[in-house]
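Heads up: the sequence shown at position 104 corresponds to 104 in UniProt numbering, and the numbers run straight through without jumps. Don't be surprised by glycine CBs; every beta carbon is placed ideally from N, CA and C. Keep in mind the model is a prediction, meaning the values are calculated, not measured. Quick notes on the structure that follows.
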Amino acid sequence: MDLDGFRFPLGTETLGLSWQPRERRTGTLNLKSCELQHPWSDRLVRSELAALPLAETIAYPFQDRALDALGVYHGLDSGHVLLTAGSDNGIGLVVDALVRPVGRLLLQEPAFEAWRHYAELRGVRVTGVPGLTGAPPTADPAPLLDALRDAPEPTVAAVTNPGSPSGLLYPPSTMRRFAGTARDLGHLLVIDEAYGDFVHTSHAPLVAEFPNVVVVHSYSKAFALAGLRIAALLAHPALREHLGRFRPENAVGAPGVALLERLAPQRERWQEIWRDVRAVRQEFTDRVLSTHPGWRALQPGANFVTFWSPDPATADAARDHLAAHRVRIRSLSDLPGLRGCFRVSLADRPTMERVARLLDAVADRTRPRVDVPADNAPTAPRQAAHHGERPY
Ligand SMILES: Cc1ncc(COP(=O)(O)O)c(C=O)c1O
């Protein structure tokens with residue numbers, strides 16, 4: 001690289017990769033990045049944050065009590081839990097510590113962008129494996145099972161469940177099958193469960209049963225801690241020891257550790273919040289589909305709804321229409337398997353009423369016939385929950 005005449009060899013790994021620092025968009029509602037936006041979680045986190053002793057925020061953190069609380073939360077011994085500075089950092093660590101030694105990553109797609117980014121940054125070969133099939137999309141385990149069977153041993157495979165950004169979910173039996181197949185063939189399976197808590201899904205029991213399973217568990221979404229940058233890797237104690245040698249705790253800040261210690265034991269309050277998020281989701285979905293009966297909502301979703309329209313142009317049209325009204329959502333139409341899809345993350349009821357009203361104005365160019373397999377059908381419009389007045 002040439003720095004105004006000063007030359008230094010920086011390698012070529014970063015040259016094809018982009019860097020876009022988060023941009024402040026004052027006055028714009030962000031329904032794109034799926035942070036938890038709910039009045040009850042705001043209240044809970046605000047009160048715990050306000051009660052933190054100064055010493056627990058400005059001194060180097062001790063993690064022991066938070067790890068104990070998280071062990072209880074995940075139903076594992078705390079020796080299975082390793083904190084990282086968000087799952088972004090956890091994914092980078094997985095790539096450094098687990099993928100780089102074997103040089104191969106099977107990535108079920110679409111997946112969180114960080115997987116491909118950090119793998120490519122480290123010069124690791126990524127093989128994308130389709131995780132979706134059909135229109136509207138459904139989750140398809142077969143390509144990953146085939147890829148595990150065909151992969152040279154040993155390989156690392158990464159799966160996101162529930163899917164992000166699809167919102168589709170593999171049942172526990174399928175996840176066990178992935179784990180067992182990977183173990184029998186000498187592969188590691190890494191499961192990103194960033195949205196699991198919203199839909200009663202935890203893969204921690206697989207970590208207890210299968211030594212080859214690692215879970216990436218973000219606290220950004222379910223515990224509304226995105227700004228604290230805190231997540232955990234759940235793994236067999238020997239794997240955790242190997243991962244720990246990369247010293248991820250040195251990037252984890254004290255406020256995040258202290259908050260986790262206080263928030264993890266409050267499971268019942270969180271369950272109430274997640275239940276209400278599901279209710280908001282159902283009401284918003286019903287409301288949108290009542291105007292757009294040809295659209296589908298991919299199930300079960302999480303604190304977001306992924307809509308599919310039979311007209312592939314609708315996804316970008318919805319994004320652009322909302323952007324014109326200063327609401328950011330994400331069109332997914334350019335992602336493998338998600339043509340015609342766009343994703344809206346959820347906020348409080350009045351906000352979602354406003355967004356639903358804005359979506360009323362989005363028209364499909366055409367209304368082609370929709371073929372939905374009867375046993376795998378995403379949600380079609382239901383009767384509005386309340387007669388006369390709409391829930392929003
Ligand atoms: C599937 C998935 N994993 C991980 C993350 C990021 O989590 P964190 O905030 O812990 O880095 C996201 C965020 O959008 C995500 O969608």
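With a threshold of 7 Å, the Cβ atom of Phe-223 does not count as near ligand 1, since no heavy atom of the ligand is closer than that. Assignment of His-321 by DSSP, reduced to helix, strand and coil, places it in the helix class. Look at Ala-139: its beta carbon is at least 7 Å from all of the heavy atoms in ligand 1. At a threshold of 7 Å, Thr-160 counts as near ligand 1, since its beta carbon sits closer than that to one of the ligand's heavy atoms. Asn-161 is classed as buried because its beta carbon has at least 16 other beta carbons within 10 Å across all chains shown. Apart from sequence neighbours up to five positions away, no residue of its chain approaches Arg-278 with a beta-carbon distance below 6 Å. Within 7 Å of the C-beta of Cys-34 there is at least one heavy atom belonging to ligand 1. Per the coordinates, the alpha-carbon of Ala-356 lies some 7 Å from the alpha-carbon of Phe-284. Judged by their CB atoms, Leu-359 and Arg-281 are not nearer to each other than the 8 Å cut-off. Cβ contact annotation for Ser-202 (same chain, cutoff 6 Å, sequence separation greater than five): Gly-196, in chain order. Residue pairing by DSSP puts Trp-308 in a beta bridge opposite Arg-296, Cys-341. Two segments are said to touch when three or more pairs of C-beta atoms, one from each, lie closer than 8 Å; by this definition the stretch 81–93 touches the stretch 220–232.
Taken through DSSP and simplified to helix, strand or coil, Asn-161 comes out as coil. The alpha-carbon separation between Glu-120 and Glu-153 amounts to approximately 20 Å.
Looking at the backbone, the Cα of Ala-361 and that of Phe-307 are separated by about 15 Å.
Contact annotation: Ala-157 and Leu-148 have beta-carbon atoms nearer than 8 Å.
Look at the beta carbons and you see the stretch 33–46 touching the stretch 259–270: at least three pairs across the two are nearer than 8 Å. Straight across, the Cα-Cα distance linking Trp-40 with Leu-233 is about 27 Å. The C-beta distance from His-74 to Ala-204 rounds to 4 Å, short enough to fall under 8 Å. For Leu-105, the enclosing beta strand (DSSP E) covers residues 104–109. In the structure shown, the three-state DSSP call for Ser-331 is strand. Ile-191 is classed as buried because its beta carbon has at least 16 other beta carbons within 10 Å across all chains shown. Under the three-state reduction of DSSP, Leu-52 is assigned to coil, being neither helix nor strand.
Contact between Ala-208 and Leu-76 holds, since their C-beta atoms are separated by about 6 Å, short of 8 Å. By the Cβ test, the stretch 121–131 is not in contact with the stretch 327–335, since fewer than three Cβ pairs between them sit closer than 8 Å.
In the DSSP annotation of this structure, the continuous segment of the beta strand (DSSP E) that includes His-217 starts and ends at 213–218. The beta carbon of Met-1 sits closer than 8 Å to those of Arg-7, Phe-8, Pro-9, Leu-10, all from its chain and outside the five residues before and after it, given in chain order.
With 5 Å as the limit, the residues whose C-beta approaches any heavy atom of ligand 1 more closely are Gly-86, Ser-87, Asp-88, Phe-112, Thr-160, Ser-164, Asp-192, Ala-194, Ser-218, Ser-220, Ala-231, in sequence along the chain. A direct Cα-Cα distance of roughly 6 Å separates Glu-56 from Ala-258. Residues of the same chain with their beta carbon placed closer than 8 Å to that of Gln-271 are lacking, with the five preceding and five following residues left out of the count.
DSSP links Ala-231 through a beta bridge to Thr-84, Ser-218.
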